[in-house]
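**Q**
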Ligand code: GLA
C-alpha cells in the first residue's frame, strides 16, 4: 500500500523525473528501431533446398556443390521448388590479415563468388553456414566479433541463405547473439534467409520470429525412424522423436517464421515407407524442407518420393498453418493441416513396426482447429479425398477402412464440399 510520504514528491522533482523517463523511452525506442529488419518475403512458405551436412559432414568441395546444383536441375527437384544449395560446416579457411573470412583454398579454390555465380546460373540459390561462437561445431572460425564483416562478405559473394549455429558459446545469450547477426545481414543490403540453429535450447520459437525465418526445435536428426542415438555429450533423434518434440509449438509458426525440424534423411537408408512418412510429417508440420541426401546418385524411388508435388504443396500451402494432432489411438495418430481455399490435409500415421488397421468413421469427430478458426462437421458436409501417395480416392460419406503398413502414412488431401 502506498503512503502519502512515498507519493508526494516536490512538483519540480516529479517533472524532472517524468522528462528523464520520457527521454529514456525515446532513446530506448530509437535504439530499438535502429535494428534493421529481417528480409521479408524470402520464406513466406517454408524454405526448400539441400544441405551438405547429413550425408557428407566435412567431406565437401566446390566440385560436389556444382554437381549437386546440376543434379537438382536434372532430377526435377528444382522444378518442384527445391532452390537453395546450402554449404554447411567446414567450408571455412582462415581469416586474412584484415579479419575477412576466406574459404578453405584446398576444397574451394575458385572461391565463393564463382560458386554462387555457377549456382545462380542454374536458377538456384547458394547458402552458407556460420556460428555465433568463436569457432563452429567442427572447430572452424565462427562469426563472433565479425558478424557485420561476415555478413558483408556473404553479400559480396552473392549468398542467399545463412544457417547460424550455436557451438562454442559459453556465457552467451542466444537472443542478442542471433539478433546481432540478423541485423548484420539486414544491413548488408542483400536479402538472405536467416536460419537459427541453436537446437531449441532457449525456446527460440518465443523470440526468433522477429529476427529469423526459421529456428531449429531439436538436437540433430538421426537417420532412423524410431530411435535415439546418444554417444557421449551429443544426441541424435529419429523421425518420431523429432515429431514428438513439436508438441505445443504450432502457434509460433507462420509465413516467414517456421519451426525447423532439421534437415531431411530421405534417401539415406530408411525404408521407402519410412522415407514417405518422414517427408509427409515434415510437410504437415510446415517445416523447412532441406534435403540431406546425395542427390547426384539417388535412386529413382528416392527421386520420386522427393518430387511428389502433392505432398510438397501441402508444405508450401500459403496459409502456413502447422498441423495439429487430432487423434491418438495407440500407435495410430491422425494429424490435420488446414489449407488455403477450404481444403485440408490429413495424415494417418502408423508409428508401430507392425501393421495397423484403420477404421475411421468421419462422422464421429468434428474436425476443429482453434488456431486457424476452421472446422468441418462431416455429418453436414461431404469432402472428397485423394491419397497423395497411393492416388486412391474416396469421400467422407463412407468410413475409411484400410490396413496401414508399419512406419507409414496415408496422406489425404480433402477437398470439398463434394457435389451431391
Ligand atoms: C551442428 C548442427 C548441424 C551441423 C553441424 C555442423 O551439430 O546442428 O546441423 O550444422 O553442427 O558442424
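Numbering (this note's numbering), first residue to last: 42 to 461. Glycine included, each C-beta is placed from N, C-alpha and C at the ideal position. As the structure is a prediction and not an experimental result, all values here were calculated from the model.
What is the chain-ordered set of residues for which the beta carbon lies under 7 angstroms from any non-hydrogen atom of the ligand GLA?
**A** The set, ordered by position in the chain, is 94, 129, 130, 170, 177, 178, 179, 204, 206, 208, 238, 240, 257, 261, 303, 304.
**Q** Since residue 399 contacts residue 443 with CB under 8 angstroms, what's their CB separation in whole angstroms?
**A** Confirmed, about 5 angstroms.
**Q** Whose C-alpha, out of 99, 195, 90, is nearest the C-alpha of residue 164?
**A** Checked all of 99, 195, 90; the closest Cα to residue 164 is 90.
**Q** Using 10 angstroms around the beta-carbon of residue 233, count the other beta-carbons present and answer buried if the total reaches 16, otherwise exposed.
**A** Result: buried.
**Q** Residue 273 to residue 180, Cα distance in whole Å?
**A** So the two alpha carbons sit approximately 18 angstroms from each other.
**Q** Exposed or buried, residue 412, counting other C-beta atoms within 10 Å across all chains shown (16 or more means buried)?
**A** Burial call: exposed.
**Q** Quick one: which unbroken alpha helix (DSSP H) runs of 4-plus residues sit fully inside the segment 133-165? Chain order, please.
**A** Listed in chain order, they are 153-162.
**Q** Between which two residues does the beta strand (DSSP E) holding residue 379 run?
**A** Element bounds for residue 379: 373-379.
**Q** Give a yes or no on whether the C-beta atoms belonging to residue 263 and residue 306 are separated by under 9 angstroms.
**A** Against a cut-off of 9 angstroms, the Cβ pair of residue 306 and residue 263 comes out as a contact.
**Q** Measure the alpha-carbon distance for residue 327 versus residue 138 and round it to whole angstroms.
**A** Straight-line Cα distance between these residues: approximately 43 angstroms.
**Q** Which of the three DSSP states, helix, strand or coil, is assigned to residue 356?
**A** Three-state DSSP puts residue 356 in a helix.
**Q** In whole angstroms, give me the CA-to-CA distance for residue 278 and residue 353.
**A** Going by the C-alpha atoms only, they are around 23 angstroms apart.
**Q** On a Cα-Cα basis, can you pick out the residue from 198, 219, 351 that is closest to residue 387?
**A** Closest by alpha carbon: 351.
**Q** Determine the direct distance from the alpha carbon of residue 126 to that of residue 457, and round the result to whole angstroms.
**A** Computed Cα separation, rounded: 37 angstroms.
**Q** Would you kindly report the start and end of the unbroken alpha helix (DSSP H) that includes residue 89?
**A** That residue, residue 89, is in no alpha helix (DSSP H); its beta strand (DSSP E) goes 89-92.
**Q** Rounded to the nearest angstrom, what separates residue 98 and residue 238 at their Cα positions?
**A** If you take the alpha carbons of residue 98 and residue 238, they lie about 16 angstroms apart.
**Q** For my contact list, residue 297 and residue 85 are in at a C-beta cut-off of 8 angstroms; report their separation, rounded to the angstrom.
**A** The Cβ separation is near 6 angstroms, so the contact holds.
**Q** State the CB to CB distance for the pair residue 115 and residue 223, rounded to an integer number of angstroms; the pair is presumed to be in contact (CB under 8 angstroms).
**A** In fact, because the Cβ distance is near 35 angstroms, the residues do not count as touching under 8 angstroms.
**Q** So for residue 266, helix, strand or coil by DSSP?
**A** In this structure, residue 266 counts as coil in the three-state DSSP scheme.
**Q** Between 240, 258, 455, which lies nearest to residue 294 when the distance is taken from Cα to Cα?
**A** Nearest of 240, 258, 455 to residue 294, Cα basis: 258.
**Q** Is the segment 402-410 close to the segment 428-435, with three or more CB pairs under 8 angstroms?
**A** Segments in contact, no.
**Q** Please return the same chain residues whose Cβ sits closer than 6 angstroms to the Cβ of residue 221, not counting the five positions on each side in sequence.
**A** Only 188 meet the Cβ criterion.
**Q** Does the distance from the CB of residue 378 to the CB of residue 325 come in under 9 angstroms?
**A** It is a contact, given that the beta carbons lie within the stated cut-off.
**Q** Enumerate in chain order the residues of its own chain whose CB-to-CB distance from residue 160 is below 6 angstroms, with the five nearest sequence positions on each side excluded.
**A** Excluding sequence neighbours, residue 160 sits near 110, 126, 167.
**Q** Assuming residue 348 contacts residue 117 (C-beta within less than 8 angstroms), just tell me the rounded distance between them.
**A** About 5 angstroms separates the two Cβ atoms, so the contact holds.
**Q** Which residue or residues does DSSP assign as beta-bridge partners of residue 416?
**A** Its beta-bridge partners are 409.
**Q** Tell me, which residues are paired with residue 169 by DSSP?
**A** Answer is 203, bridged to residue 169.
**Q** Quick check: residue 260 and residue 240, are their CB atoms within less than 9 angstroms of each other?
**A** The answer is yes: Cβ separation under 9 angstroms.
**Q** Can you give me the Cβ contacts of residue 172 inside the same chain, cut-off strictly under 6 angstroms, excluding the 5 residues immediately before and after it?
**A** Correct list, in chain order: 183, 206, 208.
**Q** Report the option in 104, 130, 446 whose CA atom is closest to the CA atom of residue 94.
**A** Considering only alpha carbons, the answer is 130.
**Q** Distance check for residue 252 and residue 301, CA to CA, integer angstroms please.
**A** Near 15 angstroms, if we compare the C-alpha coordinates of residue 252 and residue 301.
**Q** Give the secondary structure of residue 343 by DSSP, where H, G and I count as helix, E and B as strand, and everything else as coil.
**A** Residue state, collapsed to three classes: helix.
**Q** By how many angstroms is the C-alpha of residue 405 removed from the C-alpha of residue 322?
**A** Rounded to the nearest angstrom, the two C-alpha atoms are 24 angstroms apart.
**Q** Any idea if residue 230 is buried or exposed, counting beta-carbon neighbours within 10 angstroms, 16 or more meaning buried?
**A** Flag for residue 230 reads exposed.
**Q** In the DSSP assignment, the alpha helix (DSSP H) including residue 467 goes from what residue to what residue?
**A** Not covered by the structure: residue 467. The range shown for the chain is 42 to 461.
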